[in-house]
Amino acid sequence: MSEQLNQFSHLPLRLTNEGTAAAPTGGGRKTSATTLANRGNAGGHGRKLNSSISTLISNWETERENRKEEGKPDLPDAVSFILQVDPNLFNADALKSFGIEVVAELEEGYIIGASADIQLSELRKKIQQFIDSQRGGGKVPEIWEILEGTKRPEYILSPSLKAQWDQILDHQEYIVDVGISCINIQEQYSKCPKPESFKSDAEFQQKLDEWLDNHNLTPEEWDDLYLVREDQLEKFISDPKSGYQGEILQSVQGDEIGISRLPDSFSCRIRILGKGLKDLVFNFPYIFDVSEVDEFITPSATQNSSESDHEQFELEAPQPNAPKVCIIDSGIQQNHPKLRVAIEATLSTSWVPGETHITADYCGGGGHGTRVAGAVLYPRGIPKTGRQQAVCWLQNARILNARNELPKLIFPPDVLEEIVTIYYRQTKTRIYNHSIAGISPCRTQSMTPWAAAIDKLSWENDVLFIVAAGNIEAVRSFVTRPSIAAHIQAGRYYPEYLLQPSARVANPAQSFQALTVGSIAHHTYCSPPLISIAKENYPSSFSCSGPGIWDTIKPEVVEYGGDYVIDSPTSPNFTTPESVCPELIRSTRDGGKAVSADAVGTSFAAPKVTHIAAALEAAFPQESTLLYRALIVQSARLPAWTNSLNAKELYHAIRTMGYGLPDINRALGNSPNRVTLTTRGLERIKARQAKVYQVKVPENFLPQGEGFDILIEITLSYVAEPRRTRRNRRKYLSTWLDWTCSKRGEDPDRFLDRVLSEYDAPEEAEKGDKLLRWTLGKKQFKPTNGQTQPNGIDGIVKELSRSTGTVQKDWATVKSYELREGFCIAVVGHTGWNQDSNADVPFALAVSFETVNSDINLYSSFVEAEVKAEAEVQAKVRAQQKIQLQQSV
Numbered sequence: 001m002s003e004q005l006n007q008f009s010h011l012p013l014r015l016t017n018e019g020t021a022a023a024p025t026g027g028g029r030k031t032s033a034t035t036l037a038n039r040g041n042a043g044g045h046g047r048k049l050n051s052s053i054s055t056l057i058s059n060w061e062t063e064r065e066n067r068k069e070e071g072k073p074d075l076p077d078a079v080s081f082i083l084q085v086d087p088n089l090f091n092a093d094a095l096k097s098f099g100i101e102v103v104a105e106l107e108e109g110y111i112i113g114a115s116a117d118i119q120l121s122e123l124r125k126k127i128q129q130f131i132d133s134q135r136g137g138g139k140v141p142e143i144w145e146i147l148e149g150t151k152r153p154e155y156i157l158s159p160s161l162k163a164q165w166d167q168i169l170d171h172q173e174y175i176v177d178v179g180i181s182c183i184n185i186q187e188q189y190s191k192c193p194k195p196e197s198f199k200s201d202a203e204f205q206q207k208l209d210e211w212l213d214n215h216n217l218t219p220e221e222w223d224d225l226y227l228v229r230e231d232q233l234e235k236f237i238s239d240p241k242s243g244y245q246g247e248i249l250q251s252v253q254g255d256e257i258g259i260s261r262l263p264d265s266f267s268c269r270i271r272i273l274g275k276g277l278k279d280l281v282f283n284f285p286y287i288f289d290v291s292e293v294d295e296f297i298t299p300s301a302t303q304n305s306s307e308s309d310h311e312q313f314e315l316e317a318p319q320p321n322a323p324k325v326c327i328i329d330s331g332i333q334q335n336h337p338k339l340r341v342a343i344e345a346t347l348s349t350s351w352v353p354g355e356t357h358i359t360a361d362y363c364g365g366g367g368h369g370t371r372v373a374g375a376v377l378y379p380r381g382i383p384k385t386g387r388q389q390a391v392c393w394l395q396n397a398r399i400l401n402a403r404n405e406l407p408k409l410i411f412p413p414d415v416l417e418e419i420v421t422i423y424y425r426q427t428k429t430r431i432y433n434h435s436i437a438g439i440s441p442c443r444t445q446s447m448t449p450w451a452a453a454i455d456k457l458s459w460e461n462d463v464l465f466i467v468a469a470g471n472i473e474a475v476r477s478f479v480t481r482p483s484i485a486a487h488i489q490a491g492r493y494y495p496e497y498l499l500q501p502s503a504r505v506a507n508p509a510q511s512f513q514a515l516t517v518g519s520i521a522h523h524t525y526c527s528p529p530l531i532s533i534a535k536e537n538y539p540s541s542f543s544c545s546g547p548g549i550w551d552t553i554k555p556e557v558v559e560y561g562g563d564y565v566i567d568s569p570t571s572p573n574f575t576t577p578e579s580v581c582p583e584l585i586r587s588t589r590d591g592g593k594a595v596s597a598d599a600v601g602t603s604f605a606a607p608k609v610t611h612i613a614a615a616l617e618a619a620f621p622q623e624s625t626l627l628y629r630a631l632i633v634q635s636a637r638l639p640a641w642t643n644s645l646n647a648k649e650l651y652h653a654i655r656t657m658g659y660g661l662p663d664i665n666r667a668l669g670n671s672p673n674r675v676t677l678t679t680r681g682l683e684r685i686k687a688r689q690a691k692v693y694q695v696k697v698p699e700n701f702l703p704q705g706e707g708f709d710i711l712i713e714i715t716l717s718y719v720a721e722p723r724r725t726r727r728n729r730r731k732y733l734s735t736w737l738d739w740t741c742s743k744r745g746e747d748p749d750r751f752l753d754r755v756l757s758e759y760d761a762p763e764e765a766e767k768g769d770k771l772l773r774w775t776l777g778k779k780q781f782k783p784t785n786g787q788t789q790p791n792g793i794d795g796i797v798k799e800l801s802r803s804t805g806t807v808q809k810d811w812a813t814v815k816s817y818e819l820r821e822g823f824c825i826a827v828v829g830h831t832g833w834n835q836d837s838n839a840d841v842p843f844a845l846a847v848s849f850e851t852v853n854s855d856i857n858l859y860s861s862f863v864e865a866e867v868k869a870e871a872e873v874q875a876k877v878r879a880q881q882k883i884q885l886q887q888s889v
């Protein structure tokens, strides 16, 4: 493989030009009928808001007095409420100037707010300015309604907890994860510009806008506020006089409090009685999320009778500088003969309560973490003879107990931060295999603390988390996840049940910045009456599907994780014969085989992708993990049977298999008929900025005639800073990116000008002579009645958009002669929650060309074109140097 890499290495993708869109001038967004009506009824709307405020404050003061008599804990000095605002016009961050903290921005214009200004005097002031037609009240018509917090459970609780909210018992103990907002707007607002300090309205507004855009808490201020909020929460839930018996659960390592921080919030796991949980949800002003603790299921394993002879094979230790892969799982049998030379045992660590000294895999039936570790080293089974050098070092981070459960005393966001602290900061481990997922489909409105922690760690460090999509049990059903047997009994058969909401990927697989892996079957079993549910290269019958949160493509890729065999299509028994199971290393602590094919699950598909990531790090050690993720997705291909599908069927295939099965050879290098161009190092981009990359096509593409088919693939991979108090992807990320392609005959300068000039324009279906018809395309939006509604997608598959996630791939087939002018790709940065105009995010971009059913040597043509282009660049440099020398003389 190394010889092929040297011969067909990736080529550089060159930045042609870049620019920044002009600052927005305002306008362009349609004003809703409700806002227009409010503007025309200043007195009536102002009185309605003032009345709501008076009722809100009165009820809050009454509640505070009653709490003293009832022995309930004191409330923080902040009034909490829910606002409904114009979702098209009102920017939630504008509430800063009202002295209101945004605890959470919800759907359909609803905002949970809190204010340390108990009388809401600044809000009242602006309402009066609106009534009196004075400067300062212009945003008031966009505030439609102010509601009390009685609806907070509807907006704060997870779906499953919301469903059982009426059955919460006062004296029963509950363990839940909570999210606490942590932006002290009142303190910040005291520092903002005041109108009386300026000579004109225009000057004041300019300075106010600058302050609102750029002012953020310093790390020291944020840390102080975090400590205050943490103390307020702890006092609220543990106040002795209340009898709530609450506590924040402690971290296993170091007895520190198990809390995970983000720029706008922190999350923690608490234990509390039901009456305290109710009080917390209804009255603690800064709480924005409460969810139950995830439960887990063990992948199926059977005792298969046969075992191949692998005794003649020997694994060699990795190179000393080989990549390191951390296995976050149930531990590893480190002395296993097929693993031990690749285990870096000195840093093996356990977070299991009471077993922090035990790092072995005690999971019954052959282990779990041991199987996962083996799949990283042996993605296509274990050789029977010969020798093979391990691609990477394995590190062991044990968090599952002997029952393959994640103990409730372990708070996943906190433990993941500790794991990265140990392994990334001490040994520069950049790849983390996380084959652990909950039993429930992921939430689709707000990111969980667990998934957000993965996103945060990916932002703060150059690391890649590879996670399992989750499994559907064969027989055992759960409230939110019916089993395969339950689906069949209800008349929902394979593969239709994979498209049910209950089959959605499991927490934390919805993480924006992890690479999520589903499963496909590697073998069709047919020995009537026994038959496998899935055929070869079809989605495994147990593999969870997408889309993920906010309609992202999840899983992004799939690997071979096995399948189930049944004996009846209507009342089946489920088995896993050896031929439908991937061959895996097996723990021998409780006896049994060292190597066996006896377990199925996405848990064992994920590490096979981790193997490719490790191979990429070995080949390109100086490159970012963003490039590794891009190349894995770029190399993925949907199975051949999808080529004949119509658009609707292809949509279903992408939901279950993402971009398809990655290929290690396509990821690492190229071939005579394929060439991949990539960015080198870390490219960075700011909001409102565009970077244009031009691909010049070799001359032998140019002749007219029938030509030959070229498959073009483009993948963008980026990372941004997350914020949990926002419930859409554009506000969840500090900056979000997408990419677009030039039209036919459009040169780089004109293309850049068009991209920048259309930056703030309403998104509509792209006009003009498009060069390529993409499979997915970009989702277009237009405002309708104050709401943002989809306005079609310019790709073949209409239900999905490539631009929703932080890894964005699309592909199209074109005739070679249609590429005569070449084309350009623009990566465009967009403003997320971070209003700092200097904030940037890193990205990697890959572009591939591959001949379809043709033996034309594409690669050599591109190499010749690259050499020619480089010579032209050098000639220009020498000419410029000559001119400068002459001028200096």
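FYI, the numbering for the sequence shown is 1 to 889, going by the UniProt record's numbering.
For glycine and all other residues, C-beta sits at the position ideal for the given N, C-alpha and C.
None of the values given here were measured: they were computed from a predicted structure.
What are the boundary residues of the alpha helix (DSSP H) that includes residue i?
| i | result |
| --- | --- |
| residue 64 | 42–70 |
| residue 104 | No alpha helix (DSSP H) contains residue 104, which is instead part of the beta strand (DSSP E) from 101–105. |
| residue 628 | 625–635 |
Below 6 angstroms CB to CB, which residues in the same chain sit around residue i once its five sequence neighbours on both sides are set aside?
| i | result |
| --- | --- |
| residue 477 | 483, 486 |
| residue 829 | 685, 686, 687, 689, 735, 737 |
| residue 350 | 356, 358, 359, 398 |
| residue 411 | 258, 269 |
With DSSP collapsed to three states, give me the class of residue i.
| i | result |
| --- | --- |
| residue 118 | coil |
| residue 615 | helix |
| residue 418 | helix |
| residue 267 | strand |
| residue 154 | helix |
| residue 878 | helix |
| residue 12 | strand |
| residue 848 | strand |
| residue 274 | helix |
| residue 35 | helix |
| residue 241 | coil |
| residue 778 | coil |
| residue 582 | coil |
| residue 602 | helix |
Which one or two residues does DSSP pair with residue i in a beta bridge?
| i | result |
| --- | --- |
| residue 382 | None; residue 382 has no bridge partner. |
| residue 691 | 18, 827 |
| residue 464 | 431 |
| residue 772 | DSSP lists no partner for residue 772. |
| residue 718 | 843 |
Got a sec? Which residues, its chain only, sit under 7 angstroms from residue i by beta carbon, not counting five neighbours each side?
| i | result |
| --- | --- |
| residue 69 | none |
| residue 43 | 131 |
| residue 615 | 391, 664, 668 |
| residue 276 | 237, 242, 244, 246 |
| residue 386 | 313 |
| residue 73 | 235, 236, 239, 242 |
Going by DSSP, what residue range makes up the beta strand (DSSP E) through residue i?
| i | result |
| --- | --- |
| residue 648 | Counting along the chain, residue 648 falls outside any beta strand (DSSP E), though it belongs to the alpha helix (DSSP H) covering 647–657. |
| residue 313 | 312–316 |
| residue 81 | 79–85 |
| residue 684 | 683–686 |
| residue 395 | 393–398 |
| residue 179 | 173–181 |
Kindly examine the ligand GTP and report whether one of its heavy atoms sits closer than 7 angstroms to the Cβ of residue i.
| i | result |
| --- | --- |
| residue 856 | The ligand GTP is not part of this structure, which contains no ligands at all. |
Tell me which same chain residues have a C-beta within less than 8 angstroms of the C-beta of residue i, skipping the five on either side of it?
| i | result |
| --- | --- |
| residue 18 | 689, 690, 691, 692, 752 |
| residue 77 | 116, 118 |
| Okay, do the stretch 81–92 and the stretch 103–123 touch, 3+ Cβ pairs below 8 angstroms being the bar? | Touching, per the Cβ criterion.
| query | Any chance the stretch 278–291 sits against the stretch 151–161, with 3 or more Cβ pairs inside 8 angstroms? | reply | Result yes; three or more Cβ-Cβ pairs closer than 8 angstroms.
| query | Is the number of C-beta pairs between the stretch 138–153 and the stretch 222–237 that are closer than 8 angstroms three or more? | reply | By the criterion of at least three beta-carbon pairs nearer than 8 angstroms, the stretch 138–153 is not in contact with the stretch 222–237.
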